[in-house]
Amino acid sequence: MTRLFPEMLETGTSATAKSTFEIVSVLGKIHHSTVSVLGKIHHSIVPGLSKIHHSALHVMGKIHHLSVPVLA
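If you read the sequence shown in my numbering, its first letter stands for residue 1269, the second for the next number, and so on.
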């Protein structure tokens, strides 16, 4: 029985290592796909926000230009 024990221990350790590796691998894939999705969302939000920002500045500029001569 004592001769089998190191082998059993070794098998158990390698099984634990393998399952740990699989968990890490799955978590890595989930992380990678989450980052990718967040990156795509970020990329689609940023141009949208910059367009809104740009048009808001444009409108404010027109209002400013209209109101300055009136005030002057």
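Note that the Cβ used here is the ideal one computed from N, Cα and C, for glycine as well.
| Query | Result |
| --- | --- |
| Taking just the CA atoms, how far does His1300 sit from His1332? | 47 Å |
| Taking the straight line between their C-alpha atoms, what separation do you get for Met1328 and His1311? | 26 Å |
| Ala1324 to Ile1309, Cα distance in whole Å? | 22 Å |
| By DSSP, does Met1269 sit in helix, in strand, or in coil? | Its pLDDT being 45, under 50, Met1269 is placed unreliably in this model, and the coordinates cannot settle the point. |
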